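Be aware that the sequence shown starts at 10, since it is given in the numbering used here, and climbs by one per residue.
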Amino acid sequence: MRGEGIVNSSLDLIGNTPLVNLGKITEENNLKCTLRTRRTDVATVGKVEAFSAGGSVKDRIALRMILEAEKEGRLIRGVSTIIEPTSGNTGIGLCLAAARLGYKVIITLPEKMSLEKERMMTALGARIIRTPTDAPSESADSNIGVARRLVHEIENAVMLDQYSNINNALAHEKGTAVEIIRDIQATRGENAIADVLFAGVGTGGTITGLARGLRKHNKSQNAKNDYKDGLLVVGVDPVGSSLALPASLNRIEDGQSASYAIEGIGYDFIPAGLDRNEVDYWIKTSDDESFDCAHQLIRSEGLLIGGSAGSCLAGALKYLRTTEEGRKISQDPSKTVVLIFADSIRNYITKDWILN
10 MRGEGIVNSS LDLIGNTPLV NLGKITEENN LKCTLRTRRT DVATVGKVEA FSAGGSVKDR
70 IALRMILEAE KEGRLIRGVS TIIEPTSGNT GIGLCLAAAR LGYKVIITLP EKMSLEKERM
130 MTALGARIIR TPTDAPSESA DSNIGVARRL VHEIENAVML DQYSNINNAL AHEKGTAVEI
190 IRDIQATRGE NAIADVLFAG VGTGGTITGL ARGLRKHNKS QNAKNDYKDG LLVVGVDPVG
250 SSLALPASLN RIEDGQSASY AIEGIGYDFI PAGLDRNEVD YWIKTSDDES FDCAHQLIRS
310 EGLLIGGSAG SCLAGALKYL RTTEEGRKIS QDPSKTVVLI FADSIRNYIT KDWILN
């Protein structure tokens with residue numbers, strides 16, 4: 010926990026992010042899913058990853074992937090170069106850890122990603138290579154394709170590959186989930202659980218790891234609800250992405266765009282690290298819905314979050330309003346609902362959705 014003395018380095022500031030009561034959002038949207046606790050009334054809560062050292066949920070996986078690769082002998086400090094394709098947040102986390110641990114970093118970044126992310130990584134010492142946003146993931150011109158080529162061309166280069174690296178999900182199963190359980194129990198009591206999880210989905214590590222970690226805990230507590238191992242998991246996927254199930258959800262309807270401005274979630278392929286069997290229900294969200302909800306979080310709760318947090322809230326509200334189970338949850342004071350807010354407004358200050 011922070012506030013218990015001098016920390017050893019910036020790496021000790023990764024994770025341990027707050028679980029914040031979304032009281033105004035709950036009130037404004039007429040939600041009753043509120044914890045009646047011995048200490049306080051805690052409404053639907055958000056895990057605010059903007060408070061991590063690098064400003065996002067991806068700090069966690071970046072550090073774990075590096076440390077595990079060192080244990081395996083794949084990375085050597087002062088010798089190896091880390092090359093990684095990213096939409097930005099994993100890159101920032103890698104650059105932050107690499108600056109402290111002594112690695113060179115090359116990041117391949119699609120053009121649509123914010124200038125703020127590029128400048129952050131450049132400030133941390135990385136070389137940034139921009140790639141076409143519309144290049145298919147399997148293309149040699151995509152950020153993944155360029156990274157793979159560079160690994161073969163540059164001596165002592167290593168691609169940690171967040172898309173398939175098991176430490177992506179493990180960082181959340183062993184870390185983020187433990188924090189969520191700890192903070193809920195500190196408020197509600199030692200037998201408390203999270204009943205419902207909403208998370209945006211990109212590489213899949215966050216939702217996969219959290220689902221596994223929270224379900225293990227809920228199962229051990231003999232959770233008294235009707236969900237798989239005591240937890241309902243809802244994945245939020247942008248319109249234009251191909252991650253949701255059933256596949257028919259990913260169809261582009263008349264008037265919809267196949268591209269999306271939201272950063273950090275959604276892909277045109279299924280990452281190996283995403284276990285879709287852990288997701289019980291999928292919700293699609295549009296850019297407009299996502300940015301509207303991001304503004305609502307910023308202006309109502311004073312949380313300086315990024316656009317994908319707006320997607321998560323938009324997906325949660327849509328599920329709670331439009332599905333039979335969601336409507337039950339929204340009016341059930343006993344339910345604990347957790348939303349993952351993946352990053353910070355800091356990465357998007359010059360983006361149109363903030364300015365307008």
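Each residue gets a CB set at the ideal place from its N, CA and C atoms; glycine is no exception. A quick note: this is a predicted structure, and the numbers were derived from the prediction, not measured.
What number of angstroms, rounded off, separates the C-alpha of residue i from the C-alpha of residue j?
{"i": "S65", "j": "E127", "result": "15 Å"}
{"i": "K360", "j": "E188", "result": "32 Å"}
{"i": "D125", "j": "V57", "result": "Reading the sequence as shown, one finds Glu at residue 125 and not Asp. Cα to Cα, the separation comes out at about 20 Å."}
{"i": "G375", "j": "A59", "result": "This structure leaves residue 375 out entirely; the chain is present only between 10 and 365."}
{"i": "I349", "j": "G55", "result": "6 Å"}
{"i": "A149", "j": "R221", "result": "34 Å"}
{"i": "G211", "j": "G87", "result": "31 Å"}
{"i": "S353", "j": "D192", "result": "21 Å"}
{"i": "I261", "j": "K225", "result": "36 Å"}
{"i": "V288", "j": "I34", "result": "24 Å"}
{"i": "I15", "j": "N174", "result": "32 Å"}
{"i": "Y112", "j": "N39", "result": "49 Å"}
{"i": "E36", "j": "Q305", "result": "12 Å"}
{"i": "A1", "j": "T196", "result": "With the chain covering only 10 through 365, there is no way to say anything about residue 1."}
{"i": "H181", "j": "P27", "result": "15 Å"}
{"i": "N259", "j": "L329", "result": "20 Å"}
{"i": "G335", "j": "G315", "result": "25 Å"}
{"i": "E333", "j": "S309", "result": "27 Å"}
{"i": "C302", "j": "L312", "result": "12 Å"}
{"i": "E13", "j": "K80", "result": "29 Å"}
{"i": "Y290", "j": "R157", "result": "33 Å"}
{"i": "I85", "j": "R285", "result": "34 Å"}
{"i": "L364", "j": "S123", "result": "14 Å"}
{"i": "Q340", "j": "E120", "result": "43 Å"}
{"i": "S7", "j": "T331", "result": "Beyond the ends of the chain as shown, which are 10 and 365, falls residue 7; an answer cannot be given."}
{"i": "I307", "j": "L159", "result": "39 Å"}
Do residue i and residue j have their C-beta atoms within less than 7 Å of each other?
{"i": "D135", "j": "C104", "result": "One point to set straight first is that residue 135 is Ala, not Asp, in the sequence displayed. A contact, by the Cβ cut-off of 7 Å."}
{"i": "G218", "j": "K228", "result": "no"}
{"i": "I190", "j": "P94", "result": "no"}
{"i": "M130", "j": "G82", "result": "no"}
{"i": "A71", "j": "G102", "result": "yes"}
{"i": "G273", "j": "F300", "result": "no"}
{"i": "I23", "j": "S61", "result": "yes"}
{"i": "I116", "j": "I137", "result": "yes"}
{"i": "V346", "j": "T53", "result": "yes"}
{"i": "L20", "j": "R109", "result": "yes"}
{"i": "S89", "j": "F278", "result": "no"}
{"i": "N25", "j": "K67", "result": "no"}
{"i": "R69", "j": "G184", "result": "yes"}
{"i": "S151", "j": "T142", "result": "no"}
{"i": "S317", "j": "I358", "result": "no"}
{"i": "V114", "j": "A107", "result": "yes"}
{"i": "S250", "j": "G213", "result": "no"}
Is it right to say residue i is buried, meaning 16 or more other beta carbons lie within 10 angstroms of its own, or is it exposed?
{"i": "N356", "result": "buried"}
{"i": "S266", "result": "exposed"}
{"i": "S257", "result": "exposed"}
{"i": "A351", "result": "buried"}
{"i": "V29", "result": "buried"}
{"i": "L179", "result": "buried"}
{"i": "T49", "result": "Low confidence applies to T49: its pLDDT is 42, below 50, so where it sits in the model is not reliable, and the reading given next is rough at best. Looking at its Cβ environment, which holds fewer than 16 other Cβ atoms inside 10 Å, T49 is exposed."}
{"i": "K298", "result": "Residue identity check: residue 298 is Glu in the sequence provided, not Lys. With 16 or more Cβ atoms within 10 Å of its Cβ, E298 is classed as buried."}
{"i": "D263", "result": "exposed"}
{"i": "R45", "result": "Here R45 scores only 35 on pLDDT, less than 50, and its place in the model should not be relied on; the value that follows carries that caveat. Classification for R45: exposed."}
{"i": "P280", "result": "buried"}
{"i": "N176", "result": "buried"}
{"i": "P255", "result": "exposed"}
{"i": "K337", "result": "exposed"}
{"i": "S96", "result": "buried"}
{"i": "V1", "result": "This structure does not reach residue 1, given that the chain is present from 10 up to 365, and the question cannot be answered."}
{"i": "T215", "result": "buried"}
{"i": "L133", "result": "buried"}
{"i": "K344", "result": "buried"}
{"i": "H378", "result": "Outside the displayed span of the chain (10 to 365) sits residue 378, for which this structure offers no information."}
{"i": "S268", "result": "exposed"}
{"i": "L252", "result": "buried"}
Counting only beta-carbon atoms, is residue i nearer than 7 Å to chain C?
{"i": "S96", "result": "The question asks about chain C, but that chain is absent: this structure has only one protein chain."}
Report task. Let me know the beta strand (DSSP E) ranges lying completely inside the segment 156-210, each 3 residues or longer, listed in chain order. Result -> Restricted to the segment 156-210, the beta strand (DSSP E) segments that are unbroken, complete and at least 3 residues in length are 205-209, listed in chain order.
Query raised in the report: Is it a yes or a no for the segment 201-220 touching the segment 232-242, going by three-plus beta-carbon pairs under 8 Å?
Result: Yes: at least three Cβ pairs fall under 8 Å.
Query raised in the report: Enumerated in chain order, which unbroken segments of the beta strand (DSSP E) with a length of 3 residues or greater are wholly contained in the segment 225-284?
Result: Runs found: 241-247.
Requested in this report: Evaluate the contact criterion for the segment 206-213 versus the segment 320-332: three or more CB pairs, one atom per stretch, below 8 Å.
Outcome: Enough Cβ pairs lie closer than 8 Å, so yes.
Query raised in the report: Is there contact here, the segment 159-171 with the segment 74-91, by at least three beta-carbon pairs under 8 Å?
Result: Because the criterion of three Cβ pairs below 8 Å is met, the segment 159-171 and the segment 74-91 touch.
Query raised in the report: Counting Cβ pairs closer than 8 Å, one from the segment 242-253 and one from the segment 283-299, do we hit at least three?
Result: Touching, per the Cβ criterion.
Query raised in the report: Which full runs of the beta strand (DSSP E) of 3+ residues lie inside the segment 97-138, going along the chain?
Result: Entirely contained in the segment 97-138, the beta strand (DSSP E) runs reaching 3 residues are, in chain order, 113-119.
Requested in this report: For the segment 278-360, list the beta strand (DSSP E) runs that are entirely contained and at least 3 residues long, ordered along the chain.
Outcome: If we require 3 residues or more, the beta strand (DSSP E) runs fully inside the segment 278-360 come out as 290-294, 346-350.
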